[in-house]
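Chains as they are written, first to last, in the working numbering: chain A, 1 to 556; chain B, 1001 to 1556.
Structure first, then comments.
Take a look at the structure:
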């Protein structure tokens, strides 16, 4: 396939671009293989530089001699293009439709994007599991690095190396893998140094209708607990759903075979219902001038905040078992790639101060979402407004970031990063110039040579001139567990995401920048008064077209 | 009456005090004429120092040999006292009930409170109208100070001096007063220098069923507009309610008699329904662990946020007429003492940067609420939880402060004061050690010698060691009109007030203090680097019992 075949009309003059809250501009529209550009007419400024992958839905309306295209973006932006000439309008629309739904990963922009400031291969977290083991090994010798999945044969959605109990050999692990859906055998996600408890995750066991057992799986989980110790299995499905899963070959850990483990069911929404909840909320947010009753009714009807509350509550439950009850915890639902990761990642953020730094959070995402095999390509293929919704889309990662935002709001000092990082991550999960969120798991990334042929988002973000945008100026290291309030009265709508393009939070953003400036001013004046000058002042962020419309180059 | 007659039991040992989110303490309970004190047993610390006026409802429950008293405070705090001895419990309860409902103004605590750092008579805004005229006179000579109400005979709820059109004599003003409910003839609240438009307020005209007219009232309003100019009457009742008011002797300005004025109806809730809305919301906020659906349902059912939205929208409408349409505006409902003031005060905050400073805001409150005759004593006699609700209670002032909070959230730079000021004002409106919010109007204050015999809240707040608590560290003068978004998606629950005692916002408060510290650090380091030292460093706020439990002495 050649991109040029998909582009029926590459340039249109005299196009009117309208966006809510911004004055309309007239200019020349260009469609390239990956971008939609609009440069304004009299001044020639670049007014829009949109990654076409960001387009979620294209709506066209033709009347008389011109047409209007409404682009609903995955980041919830809505753009309107008024295009002279009916045919040109239809051509532009179908070009955007075709380019936005290219389904070959290796045709995507990350394989073409070559920012001059970065080298390929820079910033890929290559030894996440090794570094994880290093930290755990400082506390205990109960865990070891297993490369039983070195060729992705034991579990196609796991990375090559994972942490397993030191007492269990690779052969037993491989057998346990065959007893878990998709081969996702129990692995360590977090070792809680305070009382030596472990957080594990897996997929459901394949007990099936005949109550099949697997001695190796039982032994793997048994060896984690000392005699008389108890562990908790947090199943992210209802008891009924878990029972029904047996009919399809899945199931749960029966008490008789896993006597030290006690099961708790906490049903978390996933899949289609979660996607619809997101779509309903996004639609409600975009409704112009509803009454307060209607808005609150739609907010409630979307059930999104209930999902936020449920996710945070379940993560708190896991954290409580580990920290307060002194019990190890295994989390799984069915596939173990969605709500499971939501719970384990949030629990770590609550428990572990190391995950709350900018670096630590990146590593958490890499370990618990990307390498843990959350199927980003499937889940983030479409966003809230696409009518051609597949069965696989679900905003689980958005739900996670929303929960992180709730934490950051309740603990304004404890996370080293701010809302801007969460927004940038979300944008990149749905449409990116970088390879980090491409594909569904490490095996696919390896086949597509993502690491060799695309740039890492982390490399981009961690450049000094980018990095400072994402920092929380109020951050100060908090060694404690941060227990969020999960009462509904404490859960708020994440306006910074859901209303981002509808009611721009310009003033709030400015306040953030001002606090940042104050902190920098304080730090630099402290340094000056100590007779030192910054030898390497932070360079200003690059201005002009490279940064485009919103100044967030990371999302291009 | 002697207070000692009301106190049936003055001291009880071994009382257990419980509050949500705070560990219970055991100690000795003392009831004084105005305060409830509890000092803890082993350490003798003062654990509670509550103004008894703050008690909204007393619930008692006796079982066996002891009893429990639940105190629901006007500031939404809930305290529980476990008291040994049934009789003592009932005595304590009836003492608190009696002391909290003393109805003679001059028996209230402000007439006894004598803080050593203040002089009586300090801080009373004595020449508010004169200063107001001074500012207006710099722009136009169309307005003059009238003392037609010097002896409160024209309008018992107006102050002695008000601003009226220069072209209208006092005799005509007195006649116009007789044509308005309660004598509240149209007066100037704000002159908009940008285009010379005026914001006025009054009560409804007494047209009655026979369409009575008053030439002087017509002339008073007519003289404000030049030939061909148009003004707007914003009636805070629905068109139907305004029409019905004619049956009771009230009404509206008929087009035929006020040809240059166009009427707009914006129905704002008031009175009993507003009080019930507040009570419903406070109850919903206090419900432990509701589901998200139930919480959002109750939030919607309370309709409180609808009232916030409606008040802000109507204020924006008034501001738009003045600023965008270049038209003068008269605001009134029926009595002109509630929703009228809500709209005129908010409109000024939106339009006038001078009202957004700490001083300017105090003057706005003094001019548009206190001296304008908002009946604080009637409206704030009881709060959300009293069962003995009168017909006169209504949280109009709370609604105003909630709207100000919404403004401060949407424009974090533009108000010189922060949430702490709004909370302190609210606390003092309902129960205070100061005389500022006593009585219903200036006439009553004059009769009760409030200025001579009580301290001014402003004097207390403006002491340097108090004042800095209320400042917004991010403030920077914004000369522009601040147009808030009034979309329901932008209106938030004021958690700082409604959840203050339920989910303490400790971390958010700390963040605020940290920003304040940063700003002070920056300012002092700037001064130091210029070779200057602060000659008068701000003294630390006084510690210990004088400041009591919450450190907010202003509310004692």
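For glycine and all other residues, C-beta sits at the position ideal for the given N, C-alpha and C.
Asked, Found
"Distance, Cα to Cα, residue 337 of chain A vs residue 1070 of chain B?", "49 Å"
"Give me the residue from A:86, A:169, A:5 with the minimum Cα distance to residue 15 of chain A.", "A:86"
"So is residue 1024 of chain B buried or exposed if we call it buried at 16+ other beta carbons inside 10 Å?", "exposed"
"Is the CB of residue 74 of chain A under 8 Å away from at least one CB in chain B?", "no"
"Is the distance from the Cβ of residue 1501 of chain B to the Cβ of residue 1029 of chain B below 8 Å?", "no"
"Report the residue ranges of all alpha helix (DSSP H) runs contained in full by the stretch 295–379 of chain A; include only those spanning at least 4 residues, in chain order.", "304–323, 339–351, 358–365, 376–379"
"Using a 10 Å radius around the Cβ and a threshold of 16 neighbouring Cβ atoms, would you call residue 1240 of chain B buried or exposed?", "exposed"
"Determine, using beta-carbon pairs with one atom in the stretch 269–284 of chain A and one in the stretch 390–397 of chain A, whether at least three such pairs fall under 8 Å.", "yes"
"Under 8 Å Cβ-Cβ, which residues of chain A neighbour residue 1515 of chain B?", "474, 515, 518"
"So which of A:7, A:61, A:448, A:221 has the shortest CA-CA distance to residue 255 of chain A?", "A:221"
"So residue 983 of chain B contacts chain A; which residues on that side make the cut at Cβ distance below 8 Å?", "Absent from the model: residue 983 of chain B. The displayed extent of chain B is 1001 to 1556, so no value can be given."
"At a cut of 8 Å, does the stretch 366–384 of chain A reach the stretch 435–451 of chain A through at least three beta carbon pairs?", "yes"
"Let me check understanding here. Comparing Cα to Cα, which of B:1047, B:1135, B:1262, B:1147 lies closest to residue 1228 of chain B?", "B:1262"
"Does the beta carbon of residue 503 of chain A come closer than 8 Å to any beta carbon on chain B?", "yes"
"How is residue 552 of chain A classed by DSSP in three states: helix, strand or coil?", "Its pLDDT being 34, under 50, residue 552 of chain A is placed unreliably by the model, and the measurement read from it follows with that caveat. It is coil, neither helix nor strand."
"What is the rounded straight-line gap between the Cα of residue 231 of chain A and the Cα of residue 197 of chain A?", "9 Å"
"Just verifying my parser: in three-state terms, what is the DSSP assignment at residue 7 of chain A?", "coil"
"Since residue 1487 of chain B meets chain A, which of its residues come closer than 7 Å, beta carbon to beta carbon?", "289, 503"
"Does the count of Cβ pairs from the stretch 1207–1214 of chain B and the stretch 1353–1369 of chain B closer than 8 Å reach three?", "no"
"Are there 16 or more other CB atoms within 10 angstroms of the CB of residue 1205 of chain B, so buried, or fewer, so exposed?", "buried"
"I need the straight-line Cα distance from residue 270 of chain A to residue 96 of chain A, nearest angstrom please.", "30 Å"
"Whole beta strand (DSSP E) runs in the stretch 1414–1477 of chain B with 3 or more residues, listed along the chain?", "none"
"Tell me, please, whether the CB atom of residue 1490 of chain B is closer than 8 Å to any CB atom in chain A?", "yes"
"Is residue 403 of chain A close to chain B, meaning its C-beta is less than 8 Å from at least one C-beta of that chain?", "no"
"Among B:1176, B:1430, B:1358, B:1415, which residue has its Cα nearest to the Cα of residue 1568 of chain B?", "This structure leaves residue 1568 of chain B out entirely; chain B is present only between 1001 and 1556."
"Please report how far the alpha carbon of residue 497 of chain A lies from the alpha carbon of residue 421 of chain A, in whole angstroms.", "11 Å"
"Find the nearest neighbour of residue 1279 of chain B within the set B:1398, B:1350, B:1234, B:1249, judged by alpha-carbon distance.", "B:1398"
"Would residue 1259 of chain B pass as a contact of residue 1442 of chain B if the rule is Cβ separation under 8 Å?", "no"
"Counting pairs of Cβ atoms below 8 Å between the stretch 443–463 of chain A and the stretch 402–409 of chain A, do you hit three or more?", "no"
"Applying a beta-carbon distance threshold of less than 8 Å, which residues of chain A neighbour residue 1300 of chain B?", "292, 293, 296, 297, 300"
"Check whether chain A comes within 8 Å of residue 1285 of chain B, counting only Cβ atoms and requiring the distance to be less than that.", "yes"
"Assuming residue 1495 of chain B is part of the alpha helix (DSSP H), what are its boundary residues?", "1495–1498"
"Would you call residue 538 of chain A buried or exposed, if buried means 16 or more other Cβ atoms sit within 10 Å of its Cβ?", "With a pLDDT of only 30 at residue 538 of chain A, under 50, the local geometry of the prediction cannot be trusted, and the value read off the model is given with reservation. By the neighbour-count rule (16 or more Cβ atoms within 10 Å), residue 538 of chain A is not buried but exposed."
"Let me know the secondary structure DSSP gives residue 105 of chain A once reduced to three states.", "helix"
"Do we get a CB-CB distance below 8 Å when we pair residue 1550 of chain B with the residues of chain A?", "Residue placement at residue 1550 of chain B cannot be trusted, given a pLDDT of 29 that sits under 50; what the coordinates show is reported in the next sentence. No, its Cβ sits nowhere closer than 8 Å to a Cβ of chain A."
"Return the CA-CA distance between residue 1322 of chain B and residue 1301 of chain B, expressed in angstroms with no decimal places.", "34 Å"
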